[in-house]
Amino acid sequence: LLNVDVVKALLDSKAVPHEVDQAGFSPWMVVGEEVAHERLPNCHRRTVSKDGRMGDPMLRRELLDLLKPTFSAEEILDKLEENWSLVLEKDFAGPQIEPEALMARFRLHES
293 LLNVDVVKAL LDSKAVPHEV DQAGFSPWMV VGEEVAHERL PNCHRRTVSK
343 DGRMGDPMLR RELLDLLKPT FSAEEILDKL EENWSLVLEK DFAGPQIEPE
393 ALMARFRLHE S
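If you want it as structure tokens, here you go:
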């Protein structure tokens, strides 16, 4: 179970949201893939969980917004199509232009 306040505290403490687990999933990807339903006993139907856990649609949306990459893959592609060198400018790429820094900033492995 994830708690929005815990995620905010971790991000405020400079946690890196682009880090991935051993399967290659980032927190943003895990929240996005989390099934927002719970199975009822002896039933094949699913119902939306409203108990404040991660299944709550409002909580899930807030977590996705907190953890999402700065730029979507589409935004990066649009910038590349406009002029590839714009992607390397500091206001877009950030202060470091090394491949590792760009991978962390653009987070394309999460698209």
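293 is the number of the first residue of the sequence shown in our numbering; add one for each residue after it.
Cβ atoms here follow ideal geometry from the backbone N, Cα and C, with glycine treated the same way.
Remember, it's a predicted structure, so these values are computed and weren't measured experimentally.
- Nearest in C-alpha terms to Met-350, of all of Gly-386, Leu-302, Ser-364 and Gly-324, is Gly-324.
- With contacts defined as CB atoms closer than 7 Å, Leu-400 and Ile-389 fail to qualify as a contacting pair.
- Distance between Asp-383 and Arg-397, taken at the CA atoms: about 12 Å.
- In terms of Cα proximity to Pro-361, the closest of Gln-314, Pro-391, Glu-373 and Ala-385 is Ala-385.
- Per DSSP, reduced to three states, the secondary structure at Arg-399 is coil, with no helix or strand assignment.
- Under the DSSP assignment, Ala-315 falls outside any alpha helix (DSSP H); it carries neither an H nor an E label.
- Out of Val-308, Asp-370 and Val-298, the CA that lies nearest to the CA of Ala-393 is found in Val-308.
- Cβ atoms of Glu-354 and Val-296 come within 8 Å of each other, at about 5 Å.
- Per DSSP, the continuous alpha helix (DSSP H) segment holding Phe-384 begins and ends at 382 to 385.
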